[in-house]
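Asker: Those protein sequences? They're chains A and B, same order as listed. With my numbering, you'll find the first sequence wraps up at 76, consecutive numbering, no jumps. With my numbering, you'll find the second sequence wraps up at 765, consecutive numbering, no jumps. Virtual Cβ for every residue (Gly too), placed ideally from N, Cα, C. Please find one structure pasted underneath; my questions will follow.
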Amino acid sequence: MALTLVALAATVVVFVWVLLPLFGTARQIAQSRSAEDVQAAVSKSVQELRTDLELHKIRQDDLDHIQAFLEEESSK
Amino acid sequence: MNNLGHYALFIAHGLAIWGLVASLVAYRTRDERYLDSVIRALYGICALVVFSTVTLWMALLRDDFGVKYVWEYSRRSQPWIYKLTALWGGMSGSMLFWCLLLAIFSAIAVSLNRKNNLKLLPFTSFLLLLTLGFFLFMLCFKMSPFEPLKDAAGQLVSSYPASAMARVDGNGLNPLLQNIYMAIHPPMLYLGYVGFAIPFAFILGALAHRERNTFWMKSARNWAMFSWLTLGIGILLGGYWAYIELGWGGYWAWDPVENASFMPWLTGTAFLHSFLMQEKRGIYRFWNVFFIVTTFLLSIYGTYLTRSGILQSVHAFGQEDPSIPWYLRIGTVFLGFMAMMLVVSAVFVWRRRDLLRSGQKNESASSRETLFLYSNLLLALFTFVVVFGVSSPIFYRMITHKELSHGPEYYNPRILPISLAILLVMGLASVAPWRRGGWESYKRQLGIPFVAGLSALAASFVAFFSGGALSTADFASRPLTYVYLFACVFLSFFVSAIILEEYVRTVKHARGRGLTRLRAFAAPFLENPRRYGGYIVHIGVICLFLGIAFSSTFQTQYQESMKPGDEVRFGLFTVRMEKLQHDDLEGDFSKVNEKRIWADLTVYRGEKMVAYLQPMRVFYASNPEQPTYEVAIHSRPMRDFYTLLAGYDLKNDTAIIGAFVNPMVAWLWLGAFFILVGGLTALVPMRRV
């Protein structure tokens with residue numbers, strides 16, 4: 001009996017805690033990113049390619065092309 | 077207390093159902109309040125499943141035989157470590173462990189991405205909750221680890237008086253699982269299996285939410301890398317366990333359950349490589365979705381193969397009651413879940429097919445992008461061979477009611493050429509230029525590696541033929557085996573030289589930027605940890621290739637009956653048996669967990685004593701009729717001298733000693749070390765230059 005009561009109490013407490021945010025003010029999930037975030041993501045993606053530029057495994061114009069493509073994709 | 081563990085699972089299941097509804101509402105309305113509620117539901121599930129697991133662990137440690145699971149997989153004399161590992165010794169316990177890891181990983185993944193990838197979380201959480209909900213459903217309604225034990229009269233054992241309870245003892249853990257490597261191997265595999273659920277959920281989440289930015293990829297990639305690494309190390313630990321515990325001198329037998337863990341590792345490898353291309357070039361998006369969905373489904377398939385009892389294997393556990401209708405069996409429920417996830421994935425791939433077109437093309441057949449595609453095609457082919465080898469006997473039995481099994485004779489002729497092609501592409505992709513690159517890059521960088529490969533090939537020819545390890549008659553008897561071996565030697569040195577050459581060139585450039593020698597040596601790993609971590613992994617893979625090639629080609633086997641004082645020559649080694657000893661085998665097993673018989677062996681190479689070995693057989697209380705092997709190995713980099721107590725006659729003081737000389741097996745474990753170090757390096761955050 002005591003265990004059942006403990007289980008019931010725990011269930012109520014957990015569900016109240018989970019449902020509590022629904023009683024707050026409505027707000028939309030942010031869908032866009034900051035320009036800094038976009039730039040940071042692209043520059044990290046391109047960092048390895050810059051090493052390859054030093055090792056002659058990519059041409060400068062190819063690197064520019066790839067960087068421009070990634071920036072364009074990320075800004076969509 | 078055990079009831080509370082069971083209730084906790086029910087509450088967690090309720091939270092999962094609510095979370096599913098709320099995540100769909102958050103996905104449709106973009107209302108952050110519902111997403112907050114979903115995140116709280118995930119945290120709540122995590123806390124409740126942790127509580128439930130701790131409850132079961134407590135029951136195992138306290139020898140609470142009122143719980144059927146504890147009675148089935150533990151006993152009083154079992155060492156505490158194996159009481160803890162009994163959590164994954166049986167079907168319902170291992171399901172709880174699966175659920176525990178997924179609940180913890182989901183809570184961590186959601187928490188880490190709350191700031192930067194909030195917009196992806198509604199659908200990502202939906203997929204995680206769907207998977208969690210499935211496992212919680214299984215635990216609540218199909219196989220509770222907290223089911224009470226009843227005696228033959230139907231009375232609950234937990235209601236016995238204390239004096240009667242003290243006389244109850246359990247069956248104990250399967251003796252084969254009472255090994256320290258078996259204590260580590262399953263959790264490592266599970267970390268990998270379960271971990272792949274996170275990148276799966278993130279990638280489909282990104283697709284559902286139309287995310288094009290590369291920012292979210294870091295999280296998915298790190299989870300995939302972690303899962304790939306733990307699964308790979310888990311597979312190698314399993315190989316080591318098989319090597320030292322099963323007493324057959326080998327480490328891999330293409331056993332269906334071994335293959336079950338290998339399949340998602342292969343597709344996970346392909347995923348990590350093609351994902352790199354999506355990050356760098358925005359290409360292979362469809363491949364990435366295909367590989368991560370396949371990896372996730374193969375992880376579930378692997379769990380299904382192990383748990384459903386559909387396979388006969390030393391590893392498989394769990395037999396279903398044939399009186400249960402087929403549609404209520406655990407295997408059917410697993411297949412239903414896999415089908416549901418496949419449909420959900422296929423629907424989103426179809427609805428978002430416009431996002432999967434890359435807008436970029438492969439502009440050269442010799443570019444790095446194209447070589448990555450070749451490697452993925454080869455890995456996909458490799459996976460297909462293994463999936464077919466594992467699955468076709470199941471379908472064959474369903475249709476014909478006859479048994480069929482595939483062993484090395486099926487796998488080796490198909491896998492060996494594919495593996496060597498993968499090794500070649502692995503090397504060439506390291507020097508391949510990006511985008512429109514021509515052949516100049518190859519010409520400039522392949523000269524030294526080619527000479528290194530040829531030199532190794534020539535040296536191995538001379539060593540084998542002049543050293544007596546190989547005769548022309550041997551070669552003529554198995555020509556293809558030796559062709560593969562020599563191809564493996566050439567490619568291993570060729571690829572190693574490519575990696576070393578690239579590292580040296582990068583260090584020189586770092587020195588050119590004015591870095592000190594020490595900083596220049598570290599610079600490649602700090603500035604490009606993923607690439608150079610990947611190269612360390614590749615070195616590990618080369619070690620594995622060499623270890624497998626040499627140990628499987630040149631293994632020699634011996635067996636002799638010996639009495640104390642006898643000396644017998646096993647290849648290069650002479651073995652002298654000193655004594656045959658044993659524990660008190662007559663006494664009962666109520667106080668001890670194991671009893672042993674062992675041979676004391678002194679091993680000489682020439683006149684020099686090189687090792688003192690004690691191969692033994694161990695009788696476990698849980699199954700004393702089937703003693704397990706505890707082999708004794710004198711291990712050196714170039715060969716293992718592996719001994720086992722194959723038989724014994726205590727009345728006549730005679731032992732049958734089995735021995736194997738296994739060349740270069742240590743290279744497998746060295747390869748595992750490199751893979752671990754490389755994988756961890758690849759997880760280190762990249763330092764901005």
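Skipping 5 residues on each side, what residues in its chain have a beta carbon closer than 7 Å to that of A505/B?
Answerer: The answer, listed in chain order, is R444, L447, F448, S451.
Asker: If the cut-off is 7 Å on Cβ atoms, which residues from the segment 14-30 of chain A count as contacting chain B, listed in chain order?
Answerer: Listed in sequence order: V14, W17, V18, L19, P21, L22, G24, A26, R27, Q28, I29, A30.
Asker: Got a sec? Which residues, its chain only, sit under 7 Å from V686/B by beta carbon, not counting five neighbours each side?
Answerer: These residues qualify, in order along the chain: V679, Y680, H710.
Asker: Would you check if the segment 43-54 of chain A and the segment 125-139 of chain B touch, i.e. whether three or more CB-CB distances between them fall below 8 Å?
Answerer: The segment 125-139 of chain B vs the segment 43-54 of chain A: no contact.
Asker: Specify, as a first and last residue, the run of the alpha helix (DSSP H) that F448/B falls within.
Answerer: Run containing F448/B: 444-476, per the alpha helix (DSSP H) assignment.
Asker: Report the three-state DSSP secondary structure of E479/B (helix, strand or coil).
Answerer: Coil at E479/B, not helix or strand.
Asker: Let me check understanding here. Comparing Cα to Cα, which of R433/B, L249/B, A441/B lies closest to W156/B?
Answerer: Among R433/B, L249/B, A441/B, the Cα nearest to that of W156/B belongs to L249/B.
Asker: From this set, F272/B, M414/B, E287/B, D331/B, which residue's C-alpha is nearest I368/B's C-alpha?
Answerer: Considering only alpha carbons, the answer is F272/B.
Asker: What did DSSP end up calling D245/B once you bin it into helix, strand or coil?
Answerer: Looking at D245/B - three-state DSSP - the assignment turns out to be coil, as it is neither helix nor strand.
Asker: So, using beta-carbon positions, are I615/B and I575/B closer together than 8 Å?
Answerer: Yes.
Asker: Establish whether the CB of S34/A and some CB of chain B are separated by less than 8 Å.
Answerer: No, S34/A lies away from the interface with chain B (no Cβ there is under 8 Å from its Cβ).
Asker: What's the C-alpha gap between V507/B and M353/B?
Answerer: Looking at the two C-alpha atoms, the distance is approximately 16 Å.
Asker: Along chain B, in chain order, which residues have C-beta atoms closer than 9 Å to that of A10/A?
Answerer: L80, Y83, A84, I87, L124, listed in chain order.
Asker: For chain A, check one thing: does any of its Cβ atoms lie closer than 8 Å to the Cβ of P509/B?
Answerer: So yes, P509/B belongs to the interface.
Asker: Is the separation between the beta-carbon of E439/B and that of R511/B shorter than 8 Å?
Answerer: Taking 8 Å as the Cβ cut-off, E439/B and R511/B qualify as a contacting pair.
Asker: Beta-carbon separation of S153/B and N669/B under 8 Å?
Answerer: Closer than 8 Å, so yes.
Asker: Where T25/A and L194/B are concerned, what is the direct C-alpha to C-alpha distance, given to the nearest angstrom?
Answerer: Answer to the nearest angstrom: the Cα atoms are 18 Å apart.
Asker: Rank I624/B, I376/B, L163/B, L118/B by C-alpha distance to the C-alpha of W745/B and give the top, closest one.
Answerer: For the residues I624/B, I376/B, L163/B, L118/B, the minimum Cα distance to W745/B belongs to I624/B.
Asker: If you drop the 5 nearest sequence neighbours on each side, which residues of the same chain put their C-beta closer than 7 Å to that of P489/B?
Answerer: Nothing listed; no residue qualifies.
Asker: State the start and end residues of the unbroken beta strand (DSSP E) segment that holds I673/B.
Answerer: Its beta strand (DSSP E) spans residues 670-681.
Asker: Run through the DSSP bridge pairs and tell me what H710/B is partnered with.
Answerer: Answer by DSSP bridge pairing, in chain order: F717/B.
Asker: Could you name the residues of the segment 318-339 of chain B whose beta carbon sits closer than 9 Å to any beta carbon of chain A, in the order they occur along the chain?
Answerer: The residues in question: there are none.
Asker: Whole angstroms are fine: how far does the CA of S113/B sit from the CA of D107/B?
Answerer: If I take the Cα positions, the gap works out to 11 Å.
Asker: Are the beta-carbon atoms belonging to L656/B and K671/B less than 8 Å from one another?
Answerer: Contact: no.
Asker: Let me confirm a value: Y688/B is counted as buried when at least 16 other C-beta atoms fall within 10 Å, else exposed. Which label applies?
Answerer: Exposed is the call here.
Asker: From which residue to which residue does the alpha helix (DSSP H) around A179/B run?
Answerer: Unbroken alpha helix (DSSP H) run through A179/B: 167-188.
Asker: Below 8 Å between beta carbons is the criterion; list the residues of the segment 398-430 of chain B that meet it against any residue of chain A, in chain order.
Answerer: Taking 8 Å as the Cβ-Cβ cut-off against chain A, none of the residues of the segment 398-430 of chain B qualify.
Asker: Chain A partners of K519/B, CB-CB under 7 Å?
Answerer: The premise fails here: K519/B is roughly 12 Å from chain A at the closest Cβ pair, so nothing lies under 7 Å.
Asker: Tell me whether the segment 410-429 of chain B and the segment 312-330 of chain B touch, counting them as touching only if at least three CB pairs, one residue from each stretch, are closer than 8 Å.
Answerer: Cβ pair count under 8 Å is below three, so no.
Asker: Would you grab the beta carbon distance between R212/B and A88/B for me? Rounded to a whole angstrom, and I think it's under 8 Å.
Answerer: Rather than Arg, the amino acid found at residue 212/B in this sequence is Leu. Right, their Cβ atoms sit about 5 Å apart.
Asker: So, is the C-beta of N604/B closer than 8 Å to a C-beta in chain A?
Answerer: With 8 Å as the cut-off, N604/B counts as an interface residue toward chain A.
Asker: Which complete beta strand (DSSP E) runs does the segment 546-600 of chain B hold, if anything under 3 residues is left out?
Answerer: For the segment 546-600 of chain B, not a single whole beta strand (DSSP E) run of length 3 or above is found.
Asker: Could you tell me which residues DSSP puts in a beta bridge with Y688/B?
Answerer: T678/B.
Asker: With the cut-off set at 8 Å, would you say L55/A and I66/A are in Cβ contact?
Answerer: No, Cβ-Cβ distance for L55/A and I66/A is not below 8 Å.
Asker: Quick one: which residues of the segment 104-115 of chain B get their C-beta closer than 8 Å to a C-beta of chain A? List them in chain order.
Answerer: For the segment 104-115 of chain B, which is checked against every Cβ of chain A, the residues closer than 8 Å are R106, D107, E108, R109, Y110, L111, D112, S113.
Asker: Please list the partners that K195/B has in chain A, where partner means a Cβ-to-Cβ separation under 9 Å.
Answerer: Ordered by position in chain A, the residues that pass the 9 Å Cβ test against K195/B are I29, A30, Q31, S32, R33.
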